[in-house]
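Position one of the sequence shown corresponds to residue 1 (full-length UniProt numbering), numbered consecutively onward. See structure below.
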Amino acid sequence: MGKSWKDTRLRLYDDCYEPTLSIEENIENRPPGIDRDHWRWYLDYRAKLETKKKCKKNAINRSKQLYTHTGGSKSLARQREEESEQEGRIIGRGELWIKVHKRRDGSYINDEAREIGEKLLEIEQLDESSRVLSQNDSLAQVFGREKPGRVRGVGFGPTPSQLFGTNFQPSVNRVQEEETQRKLNELQTELEAEKLKRKAMEDEAAADKKRIKVMQSALLYLFQRQGEELSPEIAAGMCSTE
1 MGKSWKDTRL
11 RLYDDCYEPT
21 LSIEENIENR
31 PPGIDRDHWR
41 WYLDYRAKLE
51 TKKKCKKNAI
61 NRSKQLYTHT
71 GGSKSLARQR
81 EEESEQEGRI
91 IGRGELWIKV
101 HKRRDGSYIN
111 DEAREIGEKL
121 LEIEQLDESS
131 RVLSQNDSLA
141 QVFGREKPGR
151 VRGVGFGPTP
161 SQLFGTNFQP
171 SVNRVQEEET
181 QRKLNELQTE
191 LEAEKLKRKA
201 MEDEAAADKK
211 RIKVMQSALL
221 YLFQRQGEEL
231 SPEIAAGMCS
241 TE
């Protein structure tokens with residue numbers, strides 16, 4: 001949602017802002033449906049020196065990205081979940097990285113991605129335990145220590161401290177790797193349980209609505225058989241539930 005809103009703002013700005021016009025002229029040229037004051041605030045925000053510096057820095061960072069994946073708008077975490085369901089097993093981060101940096105014909109998207117992919121394969125062939133998510137799996141060995149706040153390839157939820165402990169350091173200890181995998185499985189189980197709970201609530205709400213409709217139909221039928229009309233209060237109540 002956040003990315004979609006960000007992309008929409010950028011598109012509107014690129015389409016509607018003309019640097020050769022004055023602020024007032026650009027405000028008059030605002031996108032249809034956008035409040036005048038809101039558009040003025042956004043133009044003022046974009047004109048700030050701090051915002052311009054941030055945009056320039058982001059552009060430089062994007063130009064340095066060598067490993068753009070082929071998964072489109074899907075995050076690596078979403079890709080990992082779908083691949084795991086398809087394979088019937090949990091996909092490691094190294095294996096996932098290779099999958100999303102190849103084209104449909106099996107070739108890597110560029111030479112840099114191929115070099116990284118070959119390193120990942122080499123590490124996993126020499127040490128099978130590096131295929132399991134850990135602080136020393138194949139991806140960690142190639143890209144280095146995780147940054148605080150997130151773990152590559154598992155989404156924005158789990159943090160390094162959640163998966164690897166508060167004092168995580170590189171280790172090849174098999175027991176620790178299994179514990180890490182167990183924690184990830186628990187997080188995934190909790191997520192699935194939450195999805196099922198939400199689905200059950202939605203199903204229950206739909207069932208309640210259906211039961212109410214049946215009761216309303218039965219009530220209407222009884223009144224019609226007796227040649228009576230529904231009172232305005234009952235009729236209004238029935239309409240409000242539709």
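All C-beta atoms, glycine included, are put in the ideal place defined by N, C-alpha and C. Note that the structure is a prediction, hence the values are computed from the model and not measured.
Self-check item: Cα-Cα separation between Arg11 and Gln79, rounded to whole angstroms
Solution: 27 Å
Exercise. Determine the direct distance from the alpha carbon of Ala206 to that of Glu115, and round the result to whole angstroms.
Key: 52 Å
Quiz item: At which residue ranges does the region 81-159 contain complete alpha helix (DSSP H) runs of 4 or more residues, listed in the order of the chain?
Solution: 93-100, 111-126 and 138-143
Practice problem: Using beta-carbon positions only, say whether Leu184 and Leu133 come within less than 8 Å of one another. | Solution: yes
Practice problem: Could you tell me if Val214 is buried or exposed, where buried requires 16 or more neighbouring beta carbons within 10 angstroms of its beta carbon? | Solution: exposed
Exercise. Leaving aside the five residues before and after Arg40 along the sequence, list all residues of the same chain whose C-beta is less than 8 Å from its C-beta, in chain order.
Key: Ile23 and Ile27
Quiz prompt | Whole-angstrom distance between Leu187 and Ala193, CA atom to CA atom | solution = 10 Å
Quiz item: When we look at the beta-carbon of Ile98 and count the other beta-carbons within 10 Å, is it buried (16 or more) or exposed?
Solution: buried
Exercise. With DSSP as the reference, label residue 259 as helix, strand or coil.
Key: There is no way to answer for residue 259, as the model of the chain reaches only from 1 to 242.
Self-check item: Alpha-carbon spacing of Lys53 relative to Ile123, whole angstroms
Solution: 40 Å
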